[in-house]
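Taking my numbering, the leading residue of the sequence shown gets 630, the next gets one more, and so forth.
Beta carbons: idealized from backbone N, C-alpha and C, even for Gly.
Note that the structure is predicted; figures quoted are calculated from it, not measured.
Shown next, in C-alpha cells, is the structure this report addresses.
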Amino acid sequence: MTAALALACYAAAVGVVAPKALAGSAWPHRTPALAVAVWHGLVLSFTIALALTTYHLVTPTWHLHSGMSGLLRFCGLTLDARMPATGPIGVPAIAAPASVALIPLVRFGHEVLRARRVRARHRGVLDLVGRRSARLRATVLDHDTPAAYCLPGRRPRIVVSAGALRLLSPTQLESVLEHERAHIAGRHHLALAATETFARVFRWLPLAREARAQTALLLEMAADDRALRRHPRQALASALCTMAAGKAAHAPGGAFAVGGPGAVVRLRRMLDVRRRPHPALCGVLAAVVAGLPLLPPLLGCAPGM
630 MTAALALACY
640 AAAVGVVAPK
650 ALAGSAWPHR
660 TPALAVAVWH
670 GLVLSFTIAL
680 ALTTYHLVTP
690 TWHLHSGMSG
700 LLRFCGLTLD
710 ARMPATGPIG
720 VPAIAAPASV
730 ALIPLVRFGH
740 EVLRARRVRA
750 RHRGVLDLVG
760 RRSARLRATV
770 LDHDTPAAYC
780 LPGRRPRIVV
790 SAGALRLLSP
800 TQLESVLEHE
810 RAHIAGRHHL
820 ALAATETFAR
830 VFRWLPLARE
840 ARAQTALLLE
850 MAADDRALRR
860 HPRQALASAL
870 CTMAAGKAAH
880 APGGAFAVGG
890 PGAVVRLRRM
900 LDVRRRPHPA
910 LCGVLAAVVA
920 GLPLLPPLLG
930 CAPGM
C-alpha cells in the first residue's frame, strides 16, 4: 500500500503540477523538438505510474519478497508463483493495469486510422478539383484565399491555393513549402495524434489538455525552424502574416496549415533572434526524456515500499 501511495502521489505531480510548470517555462520555445519529447515523456510516465498504482492497489499484499524474482514481482513484471493466474486476485492483477495501458493504445490506433480515412477522402477531392504542379511538388487549389497545408501519412501531399501563389514572393512560397515538408518528414501527425488520444482518454487531466495544446504549437515551431535553415527569417515571417488570414479556409482534420496554432506567438519567436540552448542543457533534457518512463517502476521498487 505504501508503494501505491507513492505512485499515486507521483502520478498526481506529473499530471497536475508538471504541466503547469512546463507550460509556463520559456525554454520549450527555444528547442521545440526536445520540448515535444518531454511532453510525450510526461504522458508515458503518467500512464505507467497509473497502471502500476492500479496493480499495487489490486494486490496490496503480494510484494513483500526478496531477491531478483521478488523485485520483478514487486515491480509488477511477473506474478507471484503462489498467486494463481486465474484466481480471484490473479485476473484483476493483470486485467486492471493492462486496461490502463491498453485503452490509450487502442484509442491511439483508432485515431490514426480515423485521420487516415479523412485524409484519403480529402485526397480524392483534391484529385478532382486541384491541379498537380511538378515544379512546386504540390497540388494547386483554385481559390483566392491564401492557404497552404500538408496531408501527411503514407501518401503525403502539399496543397497550396492560387491566392497564395499570387500574394507570396518566390522566396516566401519556398519557405512555406519547406515548412510543410518539415511536418511530413518529421511525421508530426503521429506525435499530435498521441496527445490528442491522451486528451480524449484523460480529458479531466491538466497534463492531457496542456500536452495537446503545447504539442500542436511546438510542432509548428519545429517546422518553422527547419524552414529557417534554408530561407531568410523575414521571408517566412511575412509569409506567415499573409497565410494566417486563411489558416482555416481549406485545411481538413489531420492536416497541418502554415497559419496554424499560435501564429502570433510563432511570429514573435521568429523575429526575436535568440541563441539556441546550450548543448549541455539539451543533453540534460534528453536524459530527462529517457528517464521519465523509468521513474514509476523505480519508485515502486524502492526499498521499504
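{"Check": "Beta-carbon contacts of E825 that lie in its chain and below 8 angstroms, excluding the five residues immediately before and after", "Outcome": "E740, R841"}
{"Check": "Endpoints, the beta strand (DSSP E) within which C779 is located", "Outcome": "777-780"}
{"Check": "From G738, L770, P906, residue whose alpha carbon lies closest to that of A823", "Outcome": "G738"}
{"Check": "Residue closest to R858, alpha-carbon to alpha-carbon, out of E807, V645, P906", "Outcome": "E807"}
{"Check": "Where F675 sits in the DSSP three-state scheme", "Outcome": "helix"}
{"Check": "Contact under 9 angstroms by Cβ, I787 with A776", "Outcome": "no"}
{"Check": "Where the beta strand (DSSP E) through L770 begins and ends", "Outcome": "767-770"}
{"Check": "Inter-stretch contact (C-beta, 8 angstroms, three-pair minimum) for the segment 631-638 and the segment 914-921", "Outcome": "no"}
{"Check": "R748 versus F831 - alpha carbon distance", "Outcome": "26 angstroms"}
{"Check": "Validate contact between the segment 849-856 and the segment 667-677 using beta carbons, cut 8 angstroms, 3 pairs", "Outcome": "no"}
{"Check": "Separation of A793 from A641, as counted between CA atoms", "Outcome": "47 angstroms"}
{"Check": "With 16 other Cβ atoms within 10 Å as the buried cut-off, status of S790", "Outcome": "buried"}
{"Check": "Pairwise C-alpha distance: A915 and H694", "Outcome": "Residue placement at H694 cannot be trusted, given a pLDDT of 41 that sits under 50; what the coordinates show is reported in the next sentence. Answer to the nearest angstrom: the Cα atoms are 34 angstroms apart."}
{"Check": "Inter-residue Cα distance where the pair is I723 and Y684", "Outcome": "8 angstroms"}
{"Check": "Top-ranked residue by Cα proximity to I677, from V729, W656, L663", "Outcome": "V729"}
{"Check": "Euclidean distance between Cα positions of M712 and T688", "Outcome": "With a pLDDT of 46 at M712, under the threshold of 50, the modelled position of this residue cannot be trusted, and the question is left open."}
{"Check": "The segment 833-848 contacting the segment 645-657, beta-carbon criterion three pairs below 8 angstroms", "Outcome": "yes"}
{"Check": "Given 8 angstroms, three or more beta-carbon pairs between the segment 862-870 and the segment 898-908", "Outcome": "yes"}
{"Check": "First and last residue of the uninterrupted beta strand (DSSP E) at G792", "Outcome": "It is not in any beta strand (DSSP E) - G792 instead sits in the alpha helix (DSSP H) that spans 791-796."}
{"Check": "Whether L848 touches A820 by CB criterion (9 angstroms)", "Outcome": "yes"}
{"Check": "G951 - DSSP class collapsed to helix/strand/coil", "Outcome": "Any answer about residue 951 is impossible in this case: the structure gives the chain only from 630 up to 934."}
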